[in-house]
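Novice: Quick one: this structure, given as structure tokens, is what I'll be asking you about.
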Amino acid sequence: MPDDVPTAWNRVRLLDLVSIRNGQVDPRNERYRNLPLIAPDHIAPRSGRLLAKSSAADQGAISGKYIVEPGDVVYSKIRPYLQKAHLCKFRALCSADMYPLTPKPGVSGSFILHTMLGKKFTDFATSVSARSGIPKINRAEIAEFNLVVPSPSEQEAIGQVLDDADRLIAALERLIAKKRAVKQGLMQQLLMGQNRLPGHSGEWSTGPLKDFLPLQRGFDLPTSRVVNGPYPVVYSNGIARHHAKAMAKGPGVVTGRSGTIGKVHFVEGDYWPHNTSLWVTSFARVDAKFAFYFLAYLGLERFASGSGVPTFNRNDAHSFEITVPTDRAEQKAIADVLSAVDCELEGLRRQLDQASSIKAGMMQQLLTGRKRLTGDGGAAE
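With the numbering used here applied, the sequence shown has no gaps in its numbers, which climb one by one up to 670 at the end.
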């Protein structure tokens, strides 16, 4: 294809397809104060999804805003690498940090949205935004962007296919959020003894945390001394490297000592707990996987101290009174229930990753005309 323009497609400038609204209004004016106000923070990166919707009055807006009409695409001009755009279905205002783009007659708003979320436009916007100190694309730079575009009917078809992909991704994200909420509820009920699993009615033991889960500072290991090997090095924020030597037998439970406080990590095999972490030195009274879930639910960030780099106060943690099942079998049963939920979550996350990857590939193919849609919406070569 000459000039990489697919058959029956045309090469045009973006501003041949849309116009950028001019003129700002006062959000305190009675005509506008109750309109929803959209700002970059209200839009999820890469998805086109609106995260929050509240009025200009509720947000206390005082500076000038743009009018947004139904069918406009609002695009965040700051930090374009975040890929924040939304196809608006209602009348609204948008922040001066955004551009309201109005599709011209015969142009699909959905096609424009996905174009602006696509790799080609994002790479362009990111490149030109680097010319200034604050990453931001201006109107003149948007005017430089050109693309290939199909007929209105094919634009609509492409937009519909990509919208369907977005709906699948959003549905998976909702499932993950629901499953996380279920897990949180189970943790509260089972780890706090509010509900007991069938077959378990034994006593629970109470005492200072150190009597059940003693914590010890990890071992120094400068980056220059790391020798690549099979053993994970667990830092305050998780596994970052692997080393040729282990300092602790698995399974292990590790949390942050400095820097990142509150996260808890589980390691199946032998490992090296880094000096930025604390590790549980004994599981004599508590099952390791139960300990992982228990500490994660406990909220170890409560033991952070220091105004600069936060540090874990081990003395406070060790003296904190906890209550756990005395019977190790009940501990394991609780851990098994929570592990099963984690397995379901991991499966959903894999589905989400796959759906996101497929959508990214579809955008690359469909928005450039490398693949064409058949009459039934399927892809043809």
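Even for Gly, the Cβ is constructed at its ideal location relative to N, Cα and C.
1) Using the DSSP secondary-structure output, state which residues sit across from T544 in a beta bridge.
2) Could you pull out every residue in the same chain whose Cβ sits closer than 7 Å to the Cβ of G558, ignoring the five residues on either side in sequence?
3) To which residues of the same chain is M290 closer than 6 Å at the C-beta, ignoring the five residues directly before and after it?
4) Under a Cβ-count criterion, where at least 16 other Cβ atoms within 10 Å of its own Cβ denotes burial, should C632 be classed as buried or exposed?
5) Would you list the residues sitting across from I401 in a DSSP beta bridge?
6) Would DSSP call E462 helix, strand or coil?
7) Between the Cα of D330 and the Cα atoms of A346, M387, V522, which residue gives the shortest distance?
8) Report back the beta-carbon spacing between S694 and T512 to the nearest angstrom; my notes put them in contact at under 8 Å.
9) Let's test the definition: count the other Cβ atoms within 10 Å of the Cβ of T544 and tell me whether it reaches 16, buried, or not, exposed.
10) Report back the beta-carbon spacing between L461 and Q654 to the nearest angstrom; my notes put them in contact at under 8 Å.
11) Would you list the one or two residues that DSSP bridges to M476?
12) Count the other CB atoms within 10 Å of the CB of M481; is the residue buried (16 or more) or exposed (fewer)?
13) Does DSSP put E433 in a helix, a strand or coil?
14) Measuring alpha carbon to alpha carbon, tell me which residue in S566, E619, G588, P441 is nearest K578.
15) Please tell me whether S416 and A297 are closer than 8 Å, where the distance is taken between their beta carbons.
16) Helix, strand or coil for D665 per DSSP?
17) Residues bridged to T391 by DSSP?
18) Classify E586 as helix, strand or coil using the three-state DSSP reduction.
19) With DSSP run on the structure shown, which of helix, strand or coil describes A328?
20) DSSP on E610, reduced to helix/strand/coil?
21) Bridge partners of G527, per DSSP?
22) What residue from D605, L457, L589 has the CA that sits closest to S645's CA?
Specialist: So, from the data block:
1) V553, L567
2) G539
3) Because the pLDDT of M290 is 42, which lies under 50, any placement of that residue in the model is unreliable, and the number read from its coordinates should be weighed accordingly. Excluding sequence neighbours, M290 sits near nothing in its chain.
4) exposed
5) In DSSP, I401 forms no bridge with anything.
6) helix
7) Among A346, M387, V522, the Cα nearest to that of D330 belongs to M387.
8) Outside the shown range of the chain, which is 290 to 670, sits residue 694, and nothing can be said about it.
9) buried
10) Going by Cβ atoms, the distance from L461 to Q654 rounds to 22 Å, so no, they are not a contact pair.
11) Paired residues: none, contrary to the question.
12) By the 10 Å Cβ count, M481 comes out exposed.
13) helix
14) E619
15) no
16) In this predicted model, D665 has a pLDDT of only 45, less than 50, meaning its place in the structure is not dependable; the value taken from the coordinates is given anyway. Coil.
17) S308
18) For the sequence presented, residue 586 should be read as Tyr rather than Glu. Y586 falls in the helix class under three-state DSSP.
19) coil
20) strand
21) Y524
22) L457
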